[in-house]
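Here is the structure we will look at, set down as structure tokens.
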Amino acid sequence: MRNTLLVMLLSILFFSGLLSGCGHNDSNENVTDKQQAAEIRLTLGMKYLALGDLQAARINIERAVNYAPQDYRTQLGMALYLQSISENESADARYRQALSLAPDNGDILNNYGAFLCTLGQYDAAQNYFDSAAKTTSLEGIANSLENSGYCLLQAGQVDKAQIKLSRALKQAPEKGERVLKMSTTYFQQQKRVEALALLNLYQQVLPVSAESLWIQIQYAASDNRLNDVQRYGKQLAQDFSQSKQYQLFLAHEY
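Numbering (this note's numbering), first residue to last: -2 to 251.
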């Protein structure tokens, strides 16, 4: 789960205008310059991490940590890097160090919870998600609910997952796009219970869309429910006749 912290770190991209100056002699920087250099290096490191260039990510994040070891963001960036290369024990230590620097920071709590979920430590992960929901903005709360929901789904707790994800969608309807993508992913993995749970959740909370109807058509076709294929196709024609999904339906590419 690529989590909300990565977005937060990339939000400091206003420093990108300074990137052309990264080649100066870092040893002559004062404290203020080192903090600025740390932010630049962290921004670069997180960009490289998102692009999958792990070597460049490591170099820049290491420099960020060296410049500002007491800044929770640099420790968190290092935790994300270590997590990406499956150095889980070291990543856990960095997450804990970031928490020691900013124990009530919602981004750290959310990311640490997501990390623990990947390790199968579901109960511990939920504790951190719950703590994050108590300390963050409305957007942060929605992110915590979303992370919690997908973690519960991974743990096989479908009903609880739907409750959390429903709350997240009501607070942030734009998260519906990810719900549909995850539904498709689960379906491709032959995890039909999870796939249908997410699709049904979307339809219960959000207005029908061309994409949700198209997914319904694909699911119905895979089950040979031809009447449902035609029923959803008719609705697609009525409500979204100009959509690419309707063109795919007409071409029988389901």
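Glycine included, every Cβ here is placed at the ideal spot set by N, Cα and C.
* Asked: Would you say K161 and E143 are within 9 Å of each other, going by their C-beta atoms?
  -> Along the sequence shown, one-based indexing puts residue 161 at 164. Along the sequence shown, one-based indexing puts residue 143 at 146. Their beta carbons are under 9 Å apart, which means K161 touches E143 by this criterion.
* **Cβ-based neighbour list, Q72, same chain, cut-off 6 Å, excluding 5 preceding and 5 following** => Position 75 of the sequence shown holds residue 72. If we look at Q72 and ignore the five residues flanking it on each side, its Cβ neighbours are R91, Q94, A95.
* If you draw a straight line from the C-alpha of N25 to the C-alpha of R60, how long is it? -> Your numbering for residue 25 matches position 28 in the sequence shown. Your numbering for residue 60 matches position 63 in the sequence shown. For N25, the predicted model reports a pLDDT of 48, less than 50, meaning its position is unreliable; a value from the coordinates is still stated below. In a straight line, the C-alpha of N25 is about 15 Å away from that of R60.
* P170 in three-state terms, based on DSSP -> Locating residue 170 in the sequence shown gives position 173, counting from the first residue. In this structure, P170 counts as helix in the three-state DSSP scheme.
* **Beta-carbon spacing of S81, A99 below 9 Å** => Against the sequence shown, residue 81 aligns to sequence position 84. Against the sequence shown, residue 99 aligns to sequence position 102. Contact: no.
* Whole-angstrom Cβ separation of R69 and I105, contact assumed at under 8 Å? -> As a first step, residue 69 must be located in the sequence shown, where it is residue number 72. As a first step, residue 105 must be located in the sequence shown, where it is residue number 108. Note that residue 69 corresponds to Tyr in the displayed sequence, not to Arg. So it is a contact: roughly 6 Å between Cβ atoms.
* Where does S145 land, buried or exposed, given buried means 16+ other C-beta within 10 angstroms? -> Stepping through the sequence shown from its first residue, residue 145 is reached at position 148. When all chains shown are included, S145 counts as buried.
* Among Q215, S97, L113, which residue has its Cα nearest to the Cα of N85? -> Locating residue 85 in the sequence shown gives position 88, where the first residue counts as 1. Among Q215, S97, L113, the Cα nearest to that of N85 is on L113.
* Given 8 Å as the limit, is there contact between the segment 163 to 170 and the segment 126 to 134, that is, 3 or more CB pairs closer than that? -> no
* Just list the alpha helix (DSSP H) runs in the segment 78 to 105, keeping only unbroken ones of 4 residues or longer that don't cross its boundaries, in chain order. => 85 to 98
* To do: Could you tell me if A257 is buried or exposed, where buried requires 16 or more neighbouring beta carbons within 10 angstroms of its beta carbon?
  => An answer regarding residue 257 cannot be provided, because it is not within the stretch -2 to 251 covered by the chain.
* In whole angstroms, what is the alpha-carbon distance linking Q168 and L203? -> Within the sequence shown, the letter at position 171 stands for residue 168. Within the sequence shown, the letter at position 206 stands for residue 203. Cα to Cα, the separation comes out at about 11 Å.
* To do: Thinking D101 and T132 are a contact (beta carbons under 8 Å), I'd like their distance in whole angstroms, please.
  => Reading the sequence shown from its first residue, position 104 is the one you call residue 101. Reading the sequence shown from its first residue, position 135 is the one you call residue 132. So it is a contact: roughly 5 Å between Cβ atoms.
* **Distance, Y229 Cα to Q213 Cα** => Here the question's residue 213 lines up with position 216 in the sequence shown. Here the question's residue 229 lines up with position 232 in the sequence shown. Each residue's alpha carbon lies about 7 Å from the other.
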